[in-house]
Ligand SMILES: Cc1ncc(C[n+]2csc(CCOP(=O)(O)OP(=O)(O)O)c2C)c(N)n1
Ligand SMILES: [Mg+2]
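This is the structure in structure tokens:
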């Protein structure tokens, strides 16, 4: 899949955001802020970076995109639907009985979902196992692990970081949503991660900090990640709730779905062309 | 109590504040689920006795053990799918084996959790905690009982696991209903069979019993709020009334309340027939809490149906009871 111009990617991201709002408003539960905040990163990764084929979701040489912070799965589902892994109308089954779109992603339930997550802190270890298996088999598939910032408070993440450093998993890219929110407030206040870049570097990772809504920077960073001998961490500075003014930077929107009225307001704001 | 408490998690929140007012040694620890486990009222009233550990359940349990070593009475809360599930080894050694005075709260337990799906529906925590020596396991039926259970846990010496839920249960007990750890409460008398239930299933057992009465069956409802230590006296009394028992829990059949009851029954000589109603070796999925309980075989209709079937064995000759392993 190759949509590479920033304007095209912005269009994709806008459409993904609209789907997120619509599906969450329909489900009446779920996580809004992180999902909206990561829409640009998802658009870049799925439409400009990763080697994927929605018609052959299981093809051997595909890159693997793992979602570790499973609660933002509305952005994953919306992106997969946008890419054609399944029909967009299925988005409206989110969180309902007998749906393939579980409240947190389940591998095997839906084409394009590569791992199970929900409990934070599990994904990077899964990604490490995949990447080392590829390395041992001399396969060049890239492995991307999408993560949240508060998730880095889990000890298992640091066990995985150490592991990736030791085995020089250069095929592995951890994409960290550095939005500085979690359930109880600002991540820096609840349990500070800083100095994050230095910590990750000291675990023998290449660390790149990017503006998570800048398509050019993102494309460049994903490229740089493929050019090194180390695992790469992309610290993506994002605005939680991005695109909807009454949600932006509000931790209260971490785990809340919009009401019908709020969704209408949000969709009205998501009609305009994105400014960048 | 002034206003009714709607859920067991709310009862915990209320009880924790009351317990903390009585005893300065009580501290509260949380892993970024302060509000949804209902520790926020405590955190606001006693900010210097509250500890936020971030999203880190192993550290949560371990730090709680440290507070207990210092003579405090820590209440550590998260969701049951993270505590005990993500930190069981820590609990085993640092808390249970050490026999420390730590109170662990597992919120959002069971299918009752609903839309978040299988990852968040802990169906294993009763088993995980029941298997640990020294551990007391409490699964309250409604908000008021959870409030009392919290107060009881605070004064009990030793590790306690308190399982709470976000589902509204209705009001089943009153401030006057007795609560003692390890002492089951007969909420409804009956002589045809006994429904032995815990947690959110108690409300359903009561509804089923009322309906069964219309159908001419008298089903006792025994609220087995403490899974460990199990109230074997209450079970023995139930068997005096009738050999038919049905256990009900929002948990896997393996290792939960039904298993505990079966373990007891297997060691005594009376005739019995036991049916375990629980989740049958499957994970849950997204859906509404009450809808899921029905879907996985724990609906009021299913309890009625099972009661009728279990008691149809009334007519069995005793040799067929033998064949079924029921003697
Ligand atoms: C092991 C574990 N503990 C607790 C939770 C509950 N929980 C869900 S999201 C979250 C933190 C939210 O912060 P972040 O991960 O940064 O996500 P954001 O709000 O930025 O989307 C927590 C504690 C969980 N999912 N997994
Ligand atoms: Mg965050």
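Chains as they are written, first to last, in the numbering used here: chain W, 336 to 611; chain F, 46 to 372.
We put the beta carbon where it would ideally sit given N, CA and C, even for glycine.
In this text, all values refer to a predicted model and were calculated from it rather than measured experimentally.
Item	Value
Contact test: residue 396 of chain F Cβ vs ligand 1 heavy atom, cutoff 7 Å	The question about residue 396 of chain F has no answer, for chain F in this structure spans 46 to 372.
Interface residues of the stretch 495-528 of chain W facing chain F [CB-CB below 7 Å]	517, 518, 519, 525 and 526
Chain F within 8 Å of residue 443 of chain W, Cβ atoms only	no
Proximal chain F residues relative to residue 430 of chain W, where beta-carbon distance stays under 7 Å	160 and 331
Secondary structure of residue 529 of chain W, DSSP reduced to three states	coil
Where residue 478 of chain W falls, given that 16 or more other Cβ within 10 Å makes a residue buried	buried
Selection of the stretch 440-466 of chain W by Cβ proximity to chain F, strictly under 8 Å	441, 451, 452, 453, 454, 455 and 456
8 Å Cβ cutoff, residue 598 of chain W in contact with chain F	no
Minimum Cβ-Cβ distance from residue 559 of chain W to chain F less than 8 Å	no
With 16 other Cβ atoms within 10 Å as the buried cut-off, status of residue 318 of chain F	buried
Chain F within 8 Å of residue 583 of chain W, Cβ atoms only	no
Any chain W beta carbon closer than 8 Å to residue 293 of chain F	no
Test: residue 153 of chain F CB closer than 8 Å to a CB of chain W	no
For review: beta carbons within less than 7 Å of any heavy atom in ligand 2	W/369, W/483, W/484, W/485, W/512, W/514, W/515, W/516, W/517, W/522 and W/575
Rounded C-alpha distance that separates residue 167 of chain F from residue 212 of chain F	14 Å
Span separating the alpha-carbon of residue 408 of chain W from that of residue 221 of chain F	46 Å
Beta carbon proximity, residue 97 of chain F to chain W, threshold 8 Å	yes
Enclosing alpha helix (DSSP H) for residue 273 of chain F [first to last residue]	No alpha helix (DSSP H) contains residue 273 of chain F, which is instead part of the beta strand (DSSP E) from 271-273.
Interface partners of residue 546 of chain W on chain F, CB under 7 Å	Near residue 546 of chain W there are no residues of chain F at all, since even the closest Cβ is about 25 Å away, more than 7 Å.
Interface positions of the stretch 119-135 of chain F facing chain W (Cβ-Cβ less than 7 Å), listed along the chain	126, 127 and 131
Three-state secondary structure (DSSP) of residue 147 of chain F	coil
Three-state secondary structure (DSSP) of residue 422 of chain W	coil
Beta carbon of residue 334 of chain F nearer than 8 Å to that of residue 149 of chain F	no
Whether residue 240 of chain F touches residue 250 of chain F by CB criterion (8 Å)	yes
Neighbour flag for residue 372 of chain W against chain F, beta carbons, 8 Å	no
Simplified DSSP assignment, three categories, for residue 479 of chain W	strand
beta-carbon residue 547 of chain W near ligand 1 non-hydrogen atom, thresh 7 Å	no
Secondary structure of residue 322 of chain F, DSSP reduced to three states	strand
Whole alpha helix (DSSP H) elements within the stretch 160-193 of chain F, 4-residue minimum	170-175
Euclidean distance between Cα positions of residue 403 of chain W and residue 517 of chain W	15 Å
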